[in-house]
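Residue numbers (our numbering): 98 to 222.
As structure tokens, this is what we get:
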């Protein structure tokens, strides 16, 4: 799976609408990523992967490298699911009643405000 390449084409206006159209303030993108981390932690708690209250979100900023890194100890995404999760836009398995995010576009929030957007994940189960 790691060697597979997935190519997705999305029109410029769609990405503009999903990013700057929804996230006019760059700090809103940070909130979106924190919400995704929070949802992953809550899911890990519900699945008894981690104890309630043991969730951690770490935000690191390097002015020298001009990077922002957000890490959490939530569920992560299984290797078999990563391609579909990253290329499918507007699709989410999250619950509107339980989770903070539910639109399936939050991972794109930073596109309008960065030169490179990298996702790294490791599933806990």
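No residue lacks a Cβ here, since even glycine has one placed at the ideal position from N, Cα and C.
Pick out whichever of the options has its Cα sitting closest to the Cα of residue i.
i, options, result
"residue 181", "204, 162, 168, 166", "204"
"residue 218", "206, 207, 122, 169", "169"
"residue 139", "128, 161, 212, 152", "152"
"residue 129", "208, 213, 212", "208"
"residue 177", "121, 125, 157, 220", "220"
Please name the residue or residues paired with residue i in a DSSP beta bridge.
i, result
"residue 167", "156"
Which residues bound the alpha helix (DSSP H) around residue i?
i, result
"residue 131", "123 to 143"
Within its chain, find whatever has a CB closer than 7 Å to the CB of residue i; leave out the 5 residues flanking it on each side and keep chain order.
i, result
"residue 143", "none"
If I'm right that residue i touches residue j with Cβ under 8 Å, what's the distance once you round it to whole angstroms?
i, j, result
"residue 154", "residue 134", "5 Å"
"residue 166", "residue 137", "Not really, about 15 Å apart at Cβ, beyond 8 Å."
Who are the near neighbours of residue i in its chain, counting only those whose CB is closer than 8 Å to its CB and skipping five residues on each side?
i, result
"residue 148", "142"
Taking 6 Å as the limit between beta carbons, can you name the residues of its chain near residue i, skipping five residues before and five after?
i, result
"residue 120", "126, 206"
"residue 123", "210"
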